[in-house]
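Colleague:
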Amino acid sequence: MKKLIRCLFIVCILCFSISPVYARAGGGGGGSSGGGGGGSGSPSHHSSSPVRYVDTPERRIASLITFSFISYGFSYMKKYRRRYKAISMHKDMKRGLAEKNNSSFDEKKMNEVVADYYYTIQNAWNDRDMDILKQCLSQSLYDQWETKLNWWEYEGIRNELSDIRLLKTMVVEVGDDYFWSYIEGKMRDRMIKGNEVTQDNKGIFIEYWRFIVEDDRIYLDEIRQEDEV
Numbered sequence: 000m001k002k003l004i005r006c007l008f009i010v011c012i013l014c015f016s017i018s019p020v021y022a023r024a025g026g027g028g029g030g031s032s033g034g035g036g037g038g039s040g041s042p043s044h045h046s047s048s049p050v051r052y053v054d055t056p057e058r059r060i061a062s063l064i065t066f067s068f069i070s071y072g073f074s075y076m077k078k079y080r081r082r083y084k085a086i087s088m089h090k091d092m093k094r095g096l097a098e099k100n101n102s103s104f105d106e107k108k109m110n111e112v113v114a115d116y117y118y119t120i121q122n123a124w125n126d127r128d129m130d131i132l133k134q135c136l137s138q139s140l141y142d143q144w145e146t147k148l149n150w151w152e153y154e155g156i157r158n159e160l161s162d163i164r165l166l167k168t169m170v171v172e173v174g175d176d177y178f179w180s181y182i183e184g185k186m187r188d189r190m191i192k193g194n195e196v197t198q199d200n201k202g203i204f205i206e207y208w209r210f211i212v213e214d215d216r217i218y219l220d221e222i223r224q225e226d227e228v
């Protein structure tokens, strides 16, 4: 983080160094005396004009590079701040596993499983496919979702999801028969009642998903929002 801040500081200096600089040549009046009985010469004056800023391809490229560095820096800082809690939890989990000499933990494989469940569950929810959901959810969570979807159907409410993306997943806690994963996603999330769109969300969201292991199968058992962890 210190290295990033130092780089941003250097970039800011570069930004100012390539800014247009206006200079003015100093010119004052001067007098000269003539010979003989002494006469005074009239002062002469000349005006100065600012140096014009000339835009060149090199300057444009330098400005573009500087802007790109600054934009990337701010984007990185925003992303890091969003994931800071999960990163801290992940580090604590890894330390705990190292102390227990747990060599069976395969983080890459678990992240692949979570990603597969994420897309399968989101698409099944959008399609109201209860058969698929039953294969992915614990019995208690399945019952909750079935009740909610049935109530929405009675009320004429639909939840349409599109442009579903998983930006980041990270295992943050592991137990004997469960694990928690950080979920950072983005999608078009619309609530529709009748023909009226009552909500339309497109932003990034953060959740924590709890998975349980039963009979050698993995099920999603609980979802918590960012402020609930």
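Per numbering that gives the first Met the number 0, the very first residue in the sequence shown carries number 0; after that it's consecutive.
A virtual CB, placed ideally from N, CA and C, is assigned to each residue, including glycine.
For V113, count the other beta carbons within 10 Å of its own beta carbon; 16 or more makes it buried, fewer makes it exposed. Which is it?
Modeller: Here residue 113 corresponds to residue number 114 of the sequence shown, with the count starting at 1. Classification for V113: buried.
Colleague: Round the Cβ separation of Y117 and I182 to the nearest angstrom and send it over; I've been treating them as touching at under 8 angstroms.
Modeller: Within the sequence shown, the letter at position 118 stands for residue 117. Within the sequence shown, the letter at position 183 stands for residue 182. Their Cβ separation, rounded to whole angstroms, is 7 angstroms, which keeps Y117 and I182 in contact under 8 angstroms.
Colleague: Taking its Cβ as the centre, do 16 or more other Cβ atoms sit within 10 Å of V196, making it buried, or is it exposed?
Modeller: Reading the sequence shown from its first residue, position 197 is the one you call residue 196. V196 is exposed by the Cβ-count criterion.
Colleague: Which value, in whole angstroms, describes the spacing of the CA atoms of E154 and D91?
Modeller: By one-based count along the sequence shown, residue 154 stands at place 155. By one-based count along the sequence shown, residue 91 stands at place 92. One C-alpha to the other measures close to 45 angstroms.
Colleague: Would the region 79–89 and the region 167–181 be scored as touching if the rule is three or more Cβ pairs under 8 angstroms?
Modeller: These segments touch.
Colleague: Tell me the residue span of the beta strand (DSSP E) that contains N200.
Modeller: Position 201 of the sequence shown, counted from the start, is the residue given in the question as residue 200. Start and end: E195 to N200.
Colleague: Check whether the Cβ atoms of R164 and K185 sit closer than 8 angstroms, and answer yes or no.
Modeller: Looking up residue 164 in the sequence shown gives position 165. Looking up residue 185 in the sequence shown gives position 186. Yes. Within cutoff.
Colleague: Which same chain residues end up closer than 7 angstroms to L140 when comparing Cβ atoms and leaving out the 5 residues on each side of it in sequence?
Modeller: Stepping through the sequence shown from its first residue, residue 140 is reached at position 141. These residues qualify, in order along the chain: L219, D220 and E221.
Colleague: Please return the same chain residues whose Cβ sits closer than 7 angstroms to the Cβ of E145, not counting the five positions on each side in sequence.
Modeller: Position 146 of the sequence shown, counted from the first residue, corresponds to residue 145. Hits under 7 angstroms: M129.
Colleague: Under 8 angstroms between the Cβ atoms of E213 and R189?
Modeller: Against the sequence shown, residue 213 aligns to sequence position 214. Against the sequence shown, residue 189 aligns to sequence position 190. The answer is no: Cβ separation not under 8 angstroms.
Colleague: Would you identify the three-state DSSP class for N125, choosing helix, strand or coil?
Modeller: Translated into positions along the sequence shown, residue 125 becomes position 126. It is helical.
Colleague: If we count the other Cβ atoms within 10 Å of its Cβ and call it buried at 16 or more, is S180 buried or exposed?
Modeller: Position 181 of the sequence shown holds residue 180. Buried, by the Cβ-count rule.
Colleague: Between I205 and E225, which are expected to be in contact by the criterion C-beta below 8 angstroms, what is the C-beta distance as a whole number of angstroms?
Modeller: As a first step, residue 205 is located in the sequence shown; it is residue number 206 there, counting from the start. As a first step, residue 225 is located in the sequence shown; it is residue number 226 there, counting from the start. About 4 angstroms; that satisfies the 8 angstroms criterion.
Colleague: Mind checking which residues open and close the alpha helix (DSSP H) that includes K167?
Modeller: In the sequence shown, the residue the question calls residue 167 occupies position 168. Run containing K167: none in the alpha helix (DSSP H); it sits in the beta strand (DSSP E), I156 to V173.
Colleague: Once the 5 residues before and after F177 are set aside, which same chain residues still bring their CB inside 8 angstroms of it?
Modeller: One-based indexing of the sequence shown puts residue 177 at position 178. First, the residue type needs correcting, since residue 177 is Tyr and not Phe in the sequence shown. The residues are R209, F210, I211, V212 and D220.
Colleague: Please report the distance separating the alpha-carbon of R157 from that of K201.
Modeller: Reading the sequence shown from its first residue, position 158 is the one you call residue 157. Reading the sequence shown from its first residue, position 202 is the one you call residue 201. When rounded, the distance between both Cα atoms is 17 angstroms.
Colleague: Which residues does DSSP pair with F104 in a beta bridge?
Modeller: Here the question's residue 104 lines up with position 105 in the sequence shown. In the DSSP output, where bridge partners are listed per residue, F104 has none listed.
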